[in-house]
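Chains as they are written, first to last, in our numbering: chain A, 369 to 732; chain B, 280 to 653; chain C, 509 to 659.
For glycine and all other residues, C-beta sits at the position ideal for the given N, C-alpha and C.
Below is one structure, written out as structure tokens; the observations come after it.
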Amino acid sequence: MSLLLSFSFSSLASNIHNLLAAAISNSFLLLVTEMVITGITLISFLVVLCFFLGYMERRVAAFMEIRLGPNRVGPKGTLQIVADTLKLLLKEGLTPDSSDKFLFNLAPIIMVVASMMAIAPIAFAKDFQLYDINIGVLYVSAVSSLGVIGILMAGWSSNNKYSLLGAMRSGAQIVSYELSVGLSLISIVILSGSLSLGDIVMSQQNGWWIIKGHIPIIISFVIFVIASTAEINRAPFDLAEADQELTGGFHTEYAGMKFAMFLLSEYINLFIVSAIAATLFLGGWMPFHIGGLDSFNHIMDYIPSSIWFFAKTFLIIFIIMQFRWTFPRLRVDQLLTLEWKYLLPISMVNIILVTVMAIMGWHL
Amino acid sequence: MKALIEEDYITEEGEFVINMGPQHPSTHGVLHLKVWLNGETINKVQPHLGYIHRSIEKMSESLSYRNFIFATSRMDYLAAHINNEACALTVEKGLQVEVPARAKVIRTILSELTRLSSHQLWWGCTGLDLGAVTPFFYAFREREAIMGIMEETCGARLTQNYMVPGGVMYDIHPNFQNRTKEVLKQIKDKFQEYYNIMTGNVIFENRTKGVGILSKEDAISYGVTGPTARASGVTCDIRKHYPYSAYDQVKFDEILDTAGDCYARYMVRMHEMKQSVSIIEQLIDNIPEGDFQAKTKNVIKLPKGEFYQRVETPRGELGVYIVSDGAASPYRIKYRSPGFSNLSAIPDMAKGGKIADLIAIMATVDLVIPDIDR
Amino acid sequence: MTNEELKNSITAILSSSTFDESGEFLTAVISSEQLLPFMKDLRTKSEFDFDYLFCLTCIDWKDHLMMVYFLLSKIHKHTLVVKAKITDPNNAQIETVCNIWRTAELNEREVYDLFGVKFINHPDLRRLFLTDDWQGYPLRKNYADENMIEL
Numbered sequence: 369m370s371l372l373l374s375f376s377f378s379s380l381a382s383n384i385h386n387l388l389a390a391a392i393s394n395s396f397l398l399l400v401t402e403m404v405i406t407g408i409t410l411i412s413f414l415v416v417l418c419f420f421l422g423y424m425e426r427r428v429a430a431f432m433e434i435r436l437g438p439n440r441v442g443p444k445g446t447l448q449i450v451a452d453t454l455k456l457l458l459k460e461g462l463t464p465d466s467s468d469k470f471l472f473n474l475a476p477i478i479m480v481v482a483s484m485m486a487i488a489p490i491a492f493a494k495d496f497q498l499y500d501i502n503i504g505v506l507y508v509s510a511v512s513s514l515g516v517i518g519i520l521m522a523g524w525s526s527n528n529k530y531s532l533l534g535a536m537r538s539g540a541q542i543v544s545y546e547l548s549v550g551l552s553l554i555s556i557v558i559l560s561g562s563l564s565l566g567d568i569v570m571s572q573q574n575g576w577w578i579i580k581g582h583i584p585i586i587i588s589f590v591i592f593v594i595a596s597t598a599e600i601n602r603a604p605f606d607l608a609e610a611d612q613e614l615t616g617g618f619h620t621e622y623a624g625m626k627f628a629m630f631l632l633s634e635y636i637n638l639f640i641v642s643a644i645a646a647t648l649f650l651g652g653w654m655p656f657h658i659g660g661l662d663s664f665n666h667i668m669d670y671i672p673s674s675i676w677f678f679a680k681t682f683l684i685i686f687i688i689m690q691f692r693w694t695f696p697r698l699r700v701d702q703l704l705t706l707e708w709k710y711l712l713p714i715s716m717v718n719i720i721l722v723t724v725m726a727i728m729g730w731h732l
Numbered sequence: 280m281k282a283l284i285e286e287d288y289i290t291e292e293g294e295f296v297i298n299m300g301p302q303h304p305s306t307h308g309v310l311h312l313k314v315w316l317n318g319e320t321i322n323k324v325q326p327h328l329g330y331i332h333r334s335i336e337k338m339s340e341s342l343s344y345r346n347f348i349f350a351t352s353r354m355d356y357l358a359a360h361i362n363n364e365a366c367a368l369t370v371e372k373g374l375q376v377e378v379p380a381r382a383k384v385i386r387t388i389l390s391e392l393t394r395l396s397s398h399q400l401w402w403g404c405t406g407l408d409l410g411a412v413t414p415f416f417y418a419f420r421e422r423e424a425i426m427g428i429m430e431e432t433c434g435a436r437l438t439q440n441y442m443v444p445g446g447v448m449y450d451i452h453p454n455f456q457n458r459t460k461e462v463l464k465q466i467k468d469k470f471q472e473y474y475n476i477m478t479g480n481v482i483f484e485n486r487t488k489g490v491g492i493l494s495k496e497d498a499i500s501y502g503v504t505g506p507t508a509r510a511s512g513v514t515c516d517i518r519k520h521y522p523y524s525a526y527d528q529v530k531f532d533e534i535l536d537t538a539g540d541c542y543a544r545y546m547v548r549m550h551e552m553k554q555s556v557s558i559i560e561q562l563i564d565n566i567p568e569g570d571f572q573a574k575t576k577n578v579i580k581l582p583k584g585e586f587y588q589r590v591e592t593p594r595g596e597l598g599v600y601i602v603s604d605g606a607a608s609p610y611r612i613k614y615r616s617p618g619f620s621n622l623s624a625i626p627d628m629a630k631g632g633k634i635a636d637l638i639a640i641m642a643t644v645d646l647v648i649p650d651i652d653r
Numbered sequence: 509m510t511n512e513e514l515k516n517s518i519t520a521i522l523s524s525s526t527f528d529e530s531g532e533f534l535t536a537v538i539s540s541e542q543l544l545p546f547m548k549d550l551r552t553k554s555e556f557d558f559d560y561l562f563c564l565t566c567i568d569w570k571d572h573l574m575m576v577y578f579l580l581s582k583i584h585k586h587t588l589v590v591k592a593k594i595t596d597p598n599n600a601q602i603e604t605v606c607n608i609w610r611t612a613e614l615n616e617r618e619v620y621d622l623f624g625v626k627f628i629n630h631p632d633l634r635r636l637f638l639t640d641d642w643q644g645y646p647l648r649k650n651y652a653d654e655n656m657i658e659l
């Protein structure tokens with residue numbers, strides 16, 4: 369039991385580093401080897417995560433629709449996604465004749481790369497962060513907005529009016545909602561005083577920001593969840609890929625592995641957005657501490673930090689998944705009205721409130 | 280042919296044409312709509328029909344008066360009983376034969392059950408078209424229960440082929456009354472749930488209120504019938520104005536609304552479901568004893584003349600017009616289908632809206648394309 | 509209005525119409541050239557007010573074609589059937605009523621498609637159900653196709 373408690377990812381990482389340093393003497397080669405190992409681990413982690421998220425989505429959907437969900441392939445249907453991925457791999461990756469081939473093939477790659485790049489500053493556990501860049505929040509915000517270029521490329525290069533409509537809608541949507549997302553992130557940055565994700569988690573040592581910052585931060589949290597559901601093109605904001613209206617939207621013409629890459633990037637985006645919400649508002653890997661109660665905090669520390677992080681992230685993923693099966697879809701002008709006339713003014717007033725709160729010291 | 284294509288594509292500055300259908304997840308059948316768009320705003324909608332034209336009218340000219348009834352089950356397959364009832368009533372009108380009381384009540388109960396199951400499917404598909412996937416499964420749960428009753432009594436779930444000139448084909452199953460009462464209880468509990476899921480939802484109200492307005496004069500001019508017309512204020516319930524079968528023995532309300540938008544059409548149908556439940560409740564315990572079929576000759580020959588019978592299907596008024604010259608097959612049959620007139624009003628309703636509005640309009644007008652194409 | 513009053517009013521505006529009361533509704537039989545002014549009167553004159561055209565079709569009687577219009581008045585609640593006789597099947601044409609009742613647009617296209625009756629001044633007269641290059645008019649009694657099978 370004590371072995372399990374003392375296990376931490378940081379010691380694993382330093383052990384591997386020492387092993388490799390002993391074997392390889394050239395420091396540049398050492399760096400490259402470590403980068404390759406990290407890259408492969410990260411990519412396989414993300415793929416396994418997407419399998420799990422796909423399974424979770426289907427089970428959540430089935431639970432809400434009074435049916436069972438996948439339960440044949442593998443024990444309790446866990447291998448269903450593997451079967452689906454194999455099917456997508458074996459399909460003919462058709463490129464339409466009249467499409468712009470270079471852009472057509474480049475679009476899914478850009479989307480996946482943009483999604484994966486945003487994983488870098490996220491802290492999965494204590495001392496287990498890929499790259500604690502000192503502008504972490506800004507980096508994540510900037511990199512995840514590269515995804516919209518992929519969508520626009522996909523829609524344009526398909527040479528198909530439906531795809532173009534879907535891509536245009538999505539471009540307008542993502543660009544608008546980035547403002548609300550940015551403003552909610554800034555409210556936490558004001559309170560914690562740093563853009564770096566590691567510092568933000570450490571500042572929640574005496575309690576999570578959603579509890580310390582009470583009402584303005586709760587408003588920020590709600591706005592963040594709504595706006596980021598729109599950012600990742602998920603229902604009820606999924607008009608870019610509305611299958612009842614545009615038969616697939618910007619990814620109508622994609623088949624096989626390229627389509628799988630769009631799905632992959634969508635799930636990775638979902639994970640990133642939930643991870644950022646968990647890190648900024650709910651404390652990341654920091655256990656549930658109440659400032660002042662030291663013995664209570666000490667008990668909470670027994671649960672490993674990676675479990676805290678994943679529990680919070682999956683809670684938010686569950687909430688976002690529930691939205692999809694509960695609400696009808698918004699029309700495109702109602703979507704933009706929601707952002708520009710409601711969310712953005714509320715966010716701006718909220719920022720002023722948070723600033724006043726930070727200056728006066730009214731937060732806990 | 281070439282001239283036609285060029286003429287179709289004449290567009291203003293900045294307009295482009297997209298095709299919705301014939302294969303499309305939300306056109307309720309094979310309907311091909313050509314939509315002229317300016318950005319997201321619709322300038323013109325032109326329907327192209329005929330993808331499922333099976334020439335039922337010409338085919339019926341070589342079928343006997345007993346057989347042609349069952350071709351109409353495939354016309355509006357969601358209301359097969361009601362279509363068959365219309366044809367049987369027309370033939371009975373021609374033969375001047377009196378249907379026994381038991382058969383009348385059975386026909387009415389089955390028609391109202393069909394109306395309930397058709398409105399259930401409509402509700403599920405409306406949710407699906409607007410993006411809410413969950414109501415689809417909830418609606419089919421109730422529909423399965425009704426299909427079970429149909430299967431036990433009539434032998435089939437979708438195209439029942441149960442009505443014959445003179446009455447019904449065989450007597451009802453002994454379980455029919457109890458099973459129907461259970462299903463009614465199950466459905467009555469669900470109306471509040473339907474309200475909670477969709478009707479009271481803010482996003483749903485924003486998508487349907489003020490969308491696709493059809494004025495009363497336009498509704499009459501386009502010949503629109505059914506819940507689509509009643510939502511615009513036109514009173515046209517055939518069950519009230521020209522009662523047939525056992526509708527003169529029951530009390531029910533005709534639901535009218537004046538707004539004429541998608542939300543009004545939606546609410547009219549939801550209230551109609553409640554009225555159907557109340558009609559069945561009034562009849563289910565009082566099925567009179569007696570024959571289930573009047574005696575008719577084996578080979579039916581209608582006398583020379585013309586006969587018109589109209590019934591109220593879940594979509595509107597279905598009219599069957601038979602012209603007979605005394606032979607064993609009809610000389611000419613014309614089906615006045617409700618979807619045909621309702622469809623002709625859609626281009627007017629959709630003009631100036633967005634694509635999402637067109638989907639909402641088609642969902643609430645409740646078209647079934649085989650009914651239009653015949 | 510009752511059938512007697514309808515008959516009198518119709519004879520007052522069109523004296524050459526004949527009547528047939530054997531069916532369920534009162535039927536007025538006129539010739540195809542007199543159609544448009546007659547229909548306009550039926551729609552606009554306040555004693556008729558026939559604002560609802562609920563069925564429009566055609567019957568092929570081999571030596572002539574008969575267009576049938578079912579009219580209903582929502583205000584006075586009376587029904588009338590107007591039959592217009594087209595005497596020459598090979599050159600069948602008749603005025604369109606789609607300026608009076610919008611529902612006639614699609615219905616007349618269907619009659620053109622299946623019977624070959626040309627509607628003068630129709631805004632968009634082309635085939636509805638069949639493909640544009642179909643030859644012949646299927647619902648006519650003398651229609652023959654090499655794919656037809658006699659039972």
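Just tell me which of the options has its CA closest to the CA of residue i.
i: K664 of chain C; options: B:A418, B:K337, B:S352, B:H311; result: Because chain C here runs from 509 to 659, residue 664 of chain C falls outside it and cannot be looked at.
i: M552 of chain B; options: B:T537, B:E568, B:F531, B:G569; result: B:F531
i: V505 of chain A; options: A:P489, A:I517, A:L514; result: A:P489
i: E541 of chain C; options: C:F578, C:K553, C:T604; result: C:T604
i: K460 of chain B; options: B:V384, B:T537, B:V556; result: B:V556
i: A486 of chain A; options: A:L414, A:G539, A:L397, A:I685; result: A:L414
i: N621 of chain B; options: C:N615, C:F533, C:D621; result: C:N615
i: F686 of chain A; options: A:M432, A:V404, A:L387, A:I384; result: A:M432
i: I434 of chain A; options: B:Q588, B:V578, B:Y417, B:S396; result: B:Y417
Taking 8 Å as the cut-off, decide whether the C-beta atoms of residue i and residue j are in contact.
i: V569 of chain A; j: W653 of chain A; result: yes
i: P696 of chain A; j: I482 of chain B; result: yes
i: R617 of chain C; j: R634 of chain C; result: yes
i: D516 of chain B; j: E591 of chain B; result: yes
i: G550 of chain A; j: N637 of chain A; result: no
i: W576 of chain A; j: F677 of chain A; result: no
i: L462 of chain A; j: P604 of chain A; result: no
i: S352 of chain B; j: T438 of chain B; result: yes
Please list, in chain order, all residues of the same chain as residue i whose beta carbon is under 6 Å from its beta carbon, the five residues on each side excluded.
i: T565 of chain C; result: V576
i: R611 of chain B; result: V602
i: C606 of chain C; result: A612, E613
Applying the 10 Å Cβ sphere with the 16-neighbour rule, what's the burial state of residue i?
i: V511 of chain A; result: buried
i: Q497 of chain A; result: buried
i: S379 of chain A; result: exposed
i: Y499 of chain A; result: exposed
i: I634 of chain B; result: buried
i: R615 of chain B; result: buried
i: Y449 of chain B; result: exposed
i: P597 of chain C; result: buried
Leaving aside the five residues before and after residue i along the sequence, list all residues of the same chain whose C-beta is less than 8 Å from its C-beta, in chain order.
i: Q456 of chain B; result: I563, D564, I566
i: E286 of chain B; result: Interpretation of E286 of chain B is limited by its pLDDT of 45, a score under 50 that renders its predicted location unreliable; the figure taken from the coordinates is listed afterwards. For E286 of chain B, where only same-chain residues beyond five positions count, there are no Cβ hits under 8 Å.
Have a look at the DSSP bridge pairing and note the partners of residue i.
i: W315 of chain B; result: B:V296, B:K323
i: D528 of chain C; result: C:T535
i: V589 of chain C; result: C:T535, C:F578
i: D540 of chain B; result: Looking at the DSSP assignment, D540 of chain B forms no beta bridge with any residue, so it has no partner.
i: L564 of chain C; result: C:Y577
Below 7 Å CB to CB, which residues in the same chain sit around residue i once its five sequence neighbours on both sides are set aside?
i: D627 of chain B; result: D497
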